[in-house]
Structure formats: C-alpha cells, structure tokens
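Down below is the structure, laid out as structure tokens.
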Amino acid sequence: MTDRNQKSLYHCVLSIADQTVRHGALKWTMMACLALALALTFQPRSAEAKSRGVHVTIDISSQKMFVTVNGKRRHTWTVSTARRGYRTPIGKFRPTRMHRRYYSKRYRGAPMPHSIFFYRGYAIHGTNAIKRLGRPASHGCIRLHPDNARTLFDLVRRNGPRNTRIAIRR
91 MTDRNQKSLY HCVLSIADQT VRHGALKWTM MACLALALAL TFQPRSAEAK SRGVHVTIDI
151 SSQKMFVTVN GKRRHTWTVS TARRGYRTPI GKFRPTRMHR RYYSKRYRGA PMPHSIFFYR
211 GYAIHGTNAI KRLGRPASHG CIRLHPDNAR TLFDLVRRNG PRNTRIAIRR
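Take any residue in the sequence shown, count from 1 to its spot, add 90: that is its number in this note's numbering.
Put into structure tokens, the structure is as follows:
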C-alpha cells in the first residue's frame, strides 16, 4: 500500500469517527471506506513486487532449471525429471514442506537430500545419480546435483517458502 493510499484510508477512518457523532451519513461513509479498503487490498501487484523472492523454473524439454532471485538470474542447472512411464507435474507451485534429510517412503528409502516438496509427494531434491542428470531418469521428482540442491534449499530457506515460486513447463 502506498503512502497516498494509507493517507486516504486514514482520512476515511477519521471521517467515520466524525460521522459517528452526527449519525446522518454514517452508513454511506462506512460503505465507501469499506469499498476503498477492499480496492486497496486487492490491487494487482506491481512488476517489482512480482519479481521479489525466489523463482524456480524447470524446463522439461531441455532438462534445465533456472533460478532467479529478486528478479536477477542467479543459477542455471542441469536436472533430471520423469523418465518414460512416469510424470513430472506441469504448472505453478509453491513449496509445501522442506527437509534437509529425507528418505523416500515409496521407493525403498531412496535418499532425497535437501528436499523441497511442492505437490503431493513430488519434490526438488539432490541425487547421487549424477551421471543421469540432463536426461529423464526419475519417478517424477526433479533431481539436482547435491551441491545445487543444497544451494537451492538454502536460498528458499533464507527467502522463505512463501516468497518462492516454482514453475514447471514442457
């Protein structure tokens, strides 16, 4: 909310207090202030606000991950996504939970270091199958080199999961 908008809302509240004494236009003044407050609350975010935080884009066709922090490209990494017979979800997500150390409950306790879960059981995580990076190899998760997984995990932790966006495209 800009300073100008805050001042408008402040004057609106003062007007309500003033009208409370007179009772005449109180109902209409309150409705106008409520409309103003709602309009200010649901304003579209500026381009600057949209670029803040961590943005992770995974391009399945190129098996690449692009990491942008506060609007500036910071990293481009090779990944592995779902191999034939499995799928990596497509869409826009936010982290739902994070684990520095995690072991798959579904795939015989496979290690998933620095996991960032984003949709059901799907996560971005480190892998020890480094030679398979750059081509589809997973059951649907997004695999990264362990060093890159640690870097991403720390970035998301530092900036906050709520300030992180994950986009996966074909």
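Glycine included, every Cβ here is placed at the ideal spot set by N, Cα and C. The structure displayed is predicted, hence computed values, not measured ones.
Residue environment, G143, which counts as buried when at least 16 other CB atoms sit within 10 Å
With 16 or more Cβ atoms within 10 Å of its Cβ, G143 is classed as buried.
Tell me whether the segment 152–166 and the segment 175–187 touch, counting them as touching only if at least three CB pairs, one residue from each stretch, are closer than 8 Å.
No, the segment 152–166 is not in contact with the segment 175–187.
Please classify Y193: is it buried, with 16 or more other beta-carbons within 10 angstroms of its beta-carbon, or exposed?
By the neighbour-count rule (16 or more Cβ atoms within 10 Å), Y193 is not buried but exposed.
For T171, which of V159, T158, R190 and T147 has the nearest alpha-carbon?
Considering only alpha carbons, the answer is T147.
Nearest candidate by alpha-carbon position, reference H149, set M188, R187, G224 and R196
Rather than His, the amino acid found at residue 149 in this sequence is Asp. Closest by alpha carbon: G224.
Per DSSP, what kind of secondary structure is R198 in: helix, strand or coil?
Looking at R198 - three-state DSSP - the assignment turns out to be coil, as it is neither helix nor strand.
Bridge partners of S170, per DSSP?
Looking at the DSSP output, S170 bridges to R233.
Taking Cβ positions, are I232 and V169 nearer each other than 8 Å?
Contact: yes.
DSSP state of I148 mapped onto helix, strand, coil
For I148, the secondary structure class from DSSP, reduced to helix, strand or coil, is strand.
According to the neighbour-count rule (16 or more other Cβ atoms, all chains shown, within 10 Å of its Cβ), is T186 buried or exposed?
Note on T186: under 16 other CB atoms within 10 angstroms of its CB, so exposed under the neighbour-count rule.
In terms of DSSP beta bridges, what is H204 paired with?
Residue pairing of H204 in beta bridges, as defined by DSSP: absent, with no partner found.
Alpha carbons only, please: which of F207, R196, S228 and I206 is nearest the one belonging to N218?
The shortest CA-to-CA distance from N218 to any of F207, R196, S228 and I206 is the one to S228.
Write down the C-beta distance between M155 and L234 rounded to the nearest angstrom, noting that I regard them as a contact closer than 8 Å.
That belief holds up - the Cβ atoms of M155 and L234 are roughly 7 Å apart, short of 8 Å.
Are the Cβ atoms of A239 and G216 separated by less than 8 Å?
Contact check for A239 against G216 passes: the beta carbons are separated by less than 8 Å.
Please report the straight-line C-alpha distance between T254 and Y197, rounded to a whole angstrom.
Distance from the CA atom of T254 to the CA atom of Y197, rounded to whole angstroms, is 27 Å.
Given a threshold of 16 other Cβ atoms within 10 Å of its Cβ, counted over all protein chains shown, does Y176 qualify as buried or as exposed?
Counting other Cβ atoms within 10 Å of its Cβ, Y176 stays below 16 and is therefore classed as exposed.
Assuming T158 is part of the beta strand (DSSP E), what are its boundary residues?
Annotation for T158: the continuous beta strand (DSSP E) segment containing it runs K154 to V159.
Relative to the alpha-carbon of Q153, which residue among G230, R247 and P251 has its alpha-carbon at the smallest distance?
Here the closest residue by C-alpha is G230.
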